[in-house]
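Undergrad: Following full-length UniProt numbering, the numbering of the sequence shown begins with 1 at its first residue and continues without gaps.
Yeah, the Cβ is synthetic: ideal placement off N, Cα and C, and Gly gets one too.
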Amino acid sequence: MGGTPELKLYNTLTREKSIFAPIDAENVRMYVCGPTVYDFAHIGNARPVIVFDVLYRLLRHVYGQDHVTYARNITDVDDKINARALRDHPGLPLNEAIRAVTEMTETQFHADVAELGCLEPNVEPRATDNIEEMIEIIEKLISTGHAYVASGEVLFDTKSMADYGQLSKRPLDEQQAGARVAVDAHKKNPGDFVLWKLSSHNEPGWESPWGRGRPGWHIECSAMSRRYLGDVFDIHGGGLDLIFPHHENEIAQSRCAHGTEVMANVWMHNGFVQVEGRKMSKSEGNFVTIHDLLHTEIFGGRRWPGAVLRLAMLMTHYREPIDFSIKRLEEAERLLAKWPATEPGDAKPDEAVMSALADDLNTVAAVQALHALAQAAHTDAAVGATFAATASLLGLLPKKAEIDEAVAAAVDALVAMRLELLKAKDFAEADKIRDELTAKGIQLKDGKDPATGERVTTWEVKR
1 MGGTPELKLY
11 NTLTREKSIF
21 APIDAENVRM
31 YVCGPTVYDF
41 AHIGNARPVI
51 VFDVLYRLLR
61 HVYGQDHVTY
71 ARNITDVDDK
81 INARALRDHP
91 GLPLNEAIRA
101 VTEMTETQFH
111 ADVAELGCLE
121 PNVEPRATDN
131 IEEMIEIIEK
141 LISTGHAYVA
151 SGEVLFDTKS
161 MADYGQLSKR
171 PLDEQQAGAR
181 VAVDAHKKNP
191 GDFVLWKLSS
201 HNEPGWESPW
211 GRGRPGWHIE
221 CSAMSRRYLG
231 DVFDIHGGGL
241 DLIFPHHENE
251 IAQSRCAHGT
261 EVMANVWMHN
271 GFVQVEGRKM
281 SKSEGNFVTI
291 HDLLHTEIFG
301 GRRWPGAVLR
311 LAMLMTHYRE
321 PIDFSIKRLE
331 EAERLLAKWP
341 ATEPGDAKPD
351 EAVMSALADD
361 LNTVAAVQAL
371 HALAQAAHTD
381 AAVGATFAAT
391 ASLLGLLPKK
401 AEIDEAVAAA
411 VDALVAMRLE
421 LLKAKDFAEA
431 DKIRDELTAK
441 GIQLKDGKDP
451 ATGERVTTWE
461 VKR
């Protein structure tokens, strides 16, 4: 493991923390449930993205960048998406309208999470690109007696699986039908869930052996994870709210279709997010998107840099509930302001931080150790390099130290253009450039060349 302590992870399936042993150390495989792209992602959606980005970074450090496969799906089949497509694009054929809605929100999601310092996953499949894979699994389930056709739907027979409910630890007779699953007379058992349902003319649909229809919610992830990671893989992640029914039903479909003992060896779930001490909801008036936080002043009367949002999330252990508040963001910002912008060079990450991360992603202890390192880095260049390597591993390296060369060149070009506009006394256009850069976290500093007296402008990335 290259000097890193043994990695221990808490497994929801076993309710225990144990040493992580990959199926194949040459290809460590992780699947995380991604966004349903009907609207901008909210701050609750940001938590699993950040948490599993840290795990992805850690796995890449331990096993090598080329030996980890991270798949995070895009769900683009959903009743809310259908409704928004009909509302926003009434003149388009439905499937085209749905693509118009989801491509816009998917693009915004990618931009938002990039500002949170998250790496791109290796693969990011869309549900609508994996319909054939879903149909194949459903056909297997029918042929093996685990699914049946009734009233135009294909349903999974929960009683056909002797140990259904292992993840949530709910006895079958206590289970309630979950999201997108109606309790209808045509079901053999109340807990049976939809694998395929027929589509009306104003709903998206694909041809199948059971008629034109669309997949149920859970079958999407079973199909996409199998296509890119195999019948059994190492880690499956997501929010606590997905344990039942979504992840429970993923396991049922996948195991029964492929005849395996497990779907994934380790199941990891992050805790809930509250906003200012209350459950986030539009009715409460505390529904906040990542985009709102990054680009508007609706939360605390100001914009918040992505690094601040990321650190604020990591200051609570991923399995604990988090209260996302202005006070927490201000605390994270004060901490970041004390960290130096140094270069990692060939330095390796700090052992104390690595030990904390290896203990079920204890980011609380990791951040504390990183902060202590930052203070020592101000007076010791070698410590500064270690700090930078460690902060980079956590996705928290101060921006000036990690800014992309192409981005820096683009900023330099805009700064030069502004100087020309100021010389031409076109102050309005010059101010537009300054405001545009400020909105992106770039702070300009004007001064004079001591030799020539001409205006010069420097810039830095605000933390």
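Considering only the beta carbon of each residue, do R434 and L444 sit closer than 8 Å?
TA: Contact flag set, yes.
Undergrad: CA-CA distance, residue 465 and R170?
TA: Outside the modelled stretch of the chain, which goes from 1 to 463, sits residue 465, for which no answer is possible.
Undergrad: Please return the same chain residues whose Cβ sits closer than 8 Å to the Cβ of E133, not counting the five positions on each side in sequence.
TA: Taken in chain order, the residues that qualify are A223, M224, R226, R227.
Undergrad: Note down the Cα distance separating A376 from E436, rounded to an integer number of angstroms.
TA: Those two C-alpha atoms are separated by around 35 Å.
Undergrad: Is the number of C-beta pairs between the region 340-348 and the region 317-330 that are closer than 8 Å three or more?
TA: Counting Cβ pairs under 8 Å, fewer than three are found: no touch.
Undergrad: Can you give, in chain order, each stretch of the beta strand (DSSP E) that sits fully within the region 193-258 and has at least 3 residues?
TA: Listed in chain order, they are 193-198, 213-215, 233-239.
Undergrad: Based on the DSSP secondary-structure assignment, which residues constitute the bridge partners of D323?
TA: Bridge partners of D323: Q274.
Undergrad: Is the beta carbon of A295 sitting closer than 8 Å to the one on E250?
TA: The residue asked about is misnamed: residue 295 is His in this sequence, not Ala. Cβ distance not < 8 Å, so H295 and E250 don't count as in contact.
Undergrad: Would you tell me roughly how many angstroms separate the C-alpha atoms of A21 and M30, rounded to the nearest one?
TA: Spanning the two alpha carbons is a distance of roughly 13 Å.
Undergrad: Between the C-alpha atoms of A389 and P349, what's the straight-line distance to the nearest angstrom?
TA: Computed Cα separation, rounded: 5 Å.
Undergrad: Go ahead and pull the three-state DSSP assignment for A177.
TA: Because the pLDDT at A177 is just 45, under 50, the model does not fix this residue reliably, and the value given afterwards should be weighed accordingly. Three-state DSSP puts A177 in coil, outside helix and strand.
Undergrad: Within a Cβ cutoff of 6 Å, which residues of the same chain sit near E115, ignoring the five residues on either side of it in sequence?
TA: These residues qualify, in order along the chain: L294, G306.
Undergrad: Determine contact between the region 3-13 and the region 209-217, defined as no fewer than three beta-carbon pairs at a distance below 8 Å.
TA: No, the region 3-13 does not touch the region 209-217.
Undergrad: V113 and V32 - do their beta-carbons sit closer together than 8 Å?
TA: No.
Undergrad: Please name the residue, chosen from L59, C256, A46, K8, that lies closest to V68 on a Cα-to-Cα basis.
TA: It is L59.
Undergrad: Mapping the DSSP letters down to three states, classify F40 as helix, strand or coil.
TA: In the structure shown, F40 sits in coil (DSSP, three-state: anything other than H, G, I, E or B).
Undergrad: Less than 8 Å between the CB atoms is what I'm expecting for A391 and W459, so what's the real figure, rounded?
TA: So it is not a contact: roughly 21 Å between Cβ atoms.
Undergrad: Considering only DSSP beta bridges, list what S18 is partnered with.
TA: The partner list for S18 (beta bridge, DSSP) reads L9.
Undergrad: Mapping the DSSP letters down to three states, classify H317 as helix, strand or coil.
TA: Correct three-state label for H317: coil.
Undergrad: Thinking C-alpha only, which one of H291, V266, D79 is nearest A439?
TA: It is H291 whose Cα lies nearest to the Cα of A439.
Undergrad: With C-beta atoms as the reference, is L336 less than 8 Å away from V364?
TA: No; because the gap between Cβ atoms is not below 8 Å, this pair is not in contact.
Undergrad: For a test of the three-state rule: what should DSSP assign to L155, helix, strand or coil?
TA: Strand at L155.
Undergrad: Rounding to the nearest angstrom, what Cα-Cα distance links H61 and W267 in this structure?
TA: In a straight line, the C-alpha of H61 is about 21 Å away from that of W267.
Undergrad: Span of the beta strand (DSSP E) holding K448?
TA: Run containing K448: 442-448, per the beta strand (DSSP E) assignment.
Undergrad: Looking only at its own chain, which residues have a Cβ that is under 6 Å from the Cβ of N189, when we skip the five neighbours before and after it?
TA: T158, K159, listed in sequence order.
Undergrad: Taking only the alpha-carbon atoms, compute the straight-line gap between Y10 and A410 and give it to the nearest angstrom.
TA: One C-alpha to the other measures close to 44 Å.
Undergrad: Quick check on the DSSP output: what are the complete alpha helix (DSSP H) runs of length 4 or more inside the region 74-158, in order along the chain?
TA: Fully enclosed alpha helix (DSSP H) runs of 4 or longer: 79-88, 94-115, 131-143.
Undergrad: From this set, T457, K140, K8, T128, which residue's C-alpha is nearest G205's C-alpha?
TA: Closest by alpha carbon: T128.
Undergrad: If we count the other Cβ atoms within 10 Å of its Cβ and call it buried at 16 or more, is Q253 buried or exposed?
TA: Burial call: buried.
Undergrad: Tell me whether N265 sits in a helix, a strand or coil according to DSSP, three-state version.
TA: Three-state result, N265: strand.
Undergrad: Whole angstroms is fine: what's the gap from K448's alpha carbon to D380's?
TA: Cα-Cα distance, rounded: 32 Å.
Undergrad: If contacts are defined as beta-carbon pairs under 8 Å, then G34 and I74 qualify, I think. What distance do you get, rounded to the angstrom?
TA: Confirmed, Cβ separation roughly 6 Å.
Undergrad: Taking only three categories from DSSP, how would you classify R72?
TA: DSSP places R72 in strand when its eight states are reduced to three.
Undergrad: For V407, is the classification buried or exposed, using 16 other Cβ atoms within 10 angstroms of its Cβ as the cut-off for buried?
TA: The residue is exposed, with fewer than 16 neighbouring Cβ atoms inside 10 Å.
Undergrad: Let's test the definition: count the other Cβ atoms within 10 Å of the Cβ of G145 and tell me whether it reaches 16, buried, or not, exposed.
TA: The residue in question, G145, is exposed, as its Cβ has fewer than 16 Cβ neighbours within 10 Å.
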